[in-house]
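Chemist: I'd like to ask some things about the structure below.
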Amino acid sequence: MHDRVSDRVDRTLEALGLARAPREEPLLYPGAWPAESGLLVGDRLLPLDDHVTYEDRTPVLAIGSNACPAQLRHKMAEFGITSPVPMVRVRVTGIGVGVSAHVSRMGYVSASPVHAPGVVRELFVTWFDARQLAVVDASERAYDRAWLPGSVVQVESGAGQLLRGVYVYVNRNGVLRDGTGVPRRHPGERVLLTELLGASPELRRLFGRTPEEFCARARADRSLCERGTRLFLEEGLVTVSGLERFVRPQQTGSPGTGSSLSPPLR
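Those letters in the sequence shown? Residues 4 to 269, per the working numbering, in order.
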């Protein structure tokens, strides 16, 4: 998966500028993404061919912080998992990056996929083994994992290689809409929170006037996050992602591999 020359290059996340996790610094959400495909091995991101597929792993399209190596490392470390995670850069047609209609206990308002016919984006597919997939499933408390077939979303890896489909995490609360009623795009956490707080006096009353205050209060108060989530709906800010029809009864790990892990107690 990598050559000997690359072994002489400092491939640590720190050296690559990829070491900071949004779970620890919410305003960084969605975190720094790699410039190219890579194999996440502990604290290192090794080079990886971007046309590789893995028959024994599950492909999951990363919309937000799951494309941030430090965030993935943080999630895996909670359960003591150190096995490598392939992260393959892909060209995706048909998916946009919207804003989930919920306030996360991690202190941010996260991204969520939306159906966007004709829209083309560069994203990452993370290829998880059964244990890794269970960890990520457990971390996505407000989401359901849904299979999107290649007839709906085109995912092109490497030299024109098309995947037959991918999983995505669809937020069960819906997504936030813009002023025209269509799903709004996630512009980065600081900009998003500034916009949301500026438009809602009640949100400012609950979470403060600045993005910093918002993150601090959200991380400290589970019931406050739930109240903020309800407020989005009460203020008419919520719409559908267009991907709800692909959600099946809650998946529990990769098919045939058993159940997912319970969410960490935090």
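Glycine included, C-beta positions come from ideal geometry on N, C-alpha and C.
May I ask which residues mark the beginning and end of the beta strand (DSSP E) holding His-54?
Modeler: For the purposes of this step, residue 54 is identified with residue 51 of the sequence shown, where counting begins at 1. Premise fails: His-54 is in no beta strand (DSSP E) and is neither H nor E.
Chemist: Does the Cβ-Cβ distance between Leu-234 and Glu-205 come in under 8 angstroms?
Modeler: The residue you call residue 234 lines up with position 231 of the sequence shown. The residue you call residue 205 lines up with position 202 of the sequence shown. Yes, the pair counts as a contact, with Cβ atoms nearer than the cut-off.
Chemist: For His-5, which residues in the same chain have their Cβ closer than 8 angstroms to its Cβ, ignoring the five residues on either side in sequence?
Modeler: As a position in the sequence shown, residue 5 is number 2, starting the count at 1. In this prediction, His-5 has a pLDDT of 49, which is less than 50 and means its spatial position is unreliable; what the coordinates show is noted afterwards. So the list reads Leu-42, Leu-49, Pro-50 and Leu-51, once near-sequence residues are dropped.
Chemist: Give me the Cα-Cα distance between Leu-16 and Phe-82, rounded to the nearest whole angstrom.
Modeler: Translated into the one-based positions of the sequence shown, residue 16 becomes position 13. Translated into the one-based positions of the sequence shown, residue 82 becomes position 79. Roughly 20 angstroms separates the two Cα atoms.
Chemist: Quick check on Val-139: does DSSP put it in helix, strand or coil?
Modeler: What you label residue 139 is simply residue 136 of the sequence shown in a count that begins at 1. Residue state, collapsed to three classes: helix.
Chemist: What do you get for Pro-258, buried or exposed, if any count of 16 or more other CB atoms within 10 angstroms of its CB means buried?
Modeler: What you label residue 258 is simply residue 255 of the sequence shown in a count that begins at 1. In this predicted model, Pro-258 has a pLDDT of only 35, less than 50, meaning its place in the structure is not dependable; the value taken from the coordinates is given anyway. Exposed, because fewer than 16 other Cβ atoms sit within 10 Å of the Cβ of Pro-258.
Chemist: Going residue by residue through the stretch 152-185, where are the continuous beta strand (DSSP E) segments of at least 3 residues, counting only ones entirely within it?
Modeler: The qualifying runs are 157-160 and 168-174.
Chemist: Per DSSP, which one or two residues make a beta bridge with Ala-149?
Modeler: Stepping through the sequence shown from its first residue, residue 149 is reached at position 146. DSSP, once it has assigned bridges, lists Val-171 as partnering Ala-149.
Chemist: Can you tell which of Thr-129, Arg-180 and Val-106 has the C-alpha that lies nearest to the C-alpha of Asp-53?
Modeler: Indexing the sequence shown from 1 puts residue 53 at position 50. Of Thr-129, Arg-180 and Val-106, the residue nearest in Cα terms is Thr-129.
Chemist: Based on Cα-Cα distance, which residue from Val-158, Val-91, His-77 and Cys-71 lies nearest to Ile-98?
Modeler: Taking the sequence shown and counting its residues from 1, the one referred to as residue 98 is at position 95. Closest by alpha carbon: Val-158.
Chemist: Please report the straight-line C-alpha distance between Arg-14 and Asp-46, rounded to a whole angstrom.
Modeler: Walking along the sequence shown from the start, residue 14 turns up at place 11. Walking along the sequence shown from the start, residue 46 turns up at place 43. So the two alpha carbons sit approximately 8 angstroms from each other.
Chemist: Do Ala-149 and Val-241 have their C-beta atoms within less than 8 angstroms of each other?
Modeler: Counting from 1 along the sequence shown, the entry for residue 149 is found at position 146. Counting from 1 along the sequence shown, the entry for residue 241 is found at position 238. Cβ distance not < 8 angstroms, so Ala-149 and Val-241 don't count as in contact.
Chemist: Comparing C-alpha positions only, which one of His-189, Arg-26 and Val-112 sits nearest to Met-79?
Modeler: Here residue 79 corresponds to residue number 76 of the sequence shown, with the count starting at 1. Of the listed residues, the one whose Cα sits closest to Met-79 is Arg-26.
Chemist: Name, in chain order, the residues that DSSP records as bridge partners for Phe-235.
Modeler: What you label residue 235 is simply residue 232 of the sequence shown in a count that begins at 1. Beta-bridge pairing links Phe-235 to no other residue.
Chemist: Which same chain residues end up closer than 6 angstroms to His-118 when comparing Cβ atoms and leaving out the 5 residues on each side of it in sequence?
Modeler: Residue numbering aside, residue 118 sits at position 115 when the sequence shown is read from its first letter. Result list for His-118: Gly-245 and Leu-246, in chain order.
Chemist: If you check the beta carbons only, do Pro-29 and Met-90 fall under 8 angstroms apart?
Modeler: Here the question's residue 29 lines up with position 26 in the sequence shown. Here the question's residue 90 lines up with position 87 in the sequence shown. Not closer than 8 angstroms, so no.
Chemist: Any heavy atom of the ligand SAH closer than 7 angstroms to the Cβ of Leu-31?
Modeler: Inclusion of the ligand SAH in the displayed structure is not the case, the ligand content being empty and no account of it being possible.
Chemist: Could you work out which residue in Val-88, Gly-101 and Glu-39 is closest to Leu-195 when comparing CA atoms only?
Modeler: As a working mapping, residue 195 is identified with position 192 in the sequence shown. If we check each option's Cα against that of Leu-195, Gly-101 comes out closest.
Chemist: Express the C-alpha separation of Asn-176 and Leu-227 in angstroms, rounding to a whole number.
Modeler: By 1-based counting over the sequence shown, the position of residue 227 is 224. By 1-based counting over the sequence shown, the position of residue 176 is 173. Looking at the two C-alpha atoms, the distance is approximately 16 angstroms.
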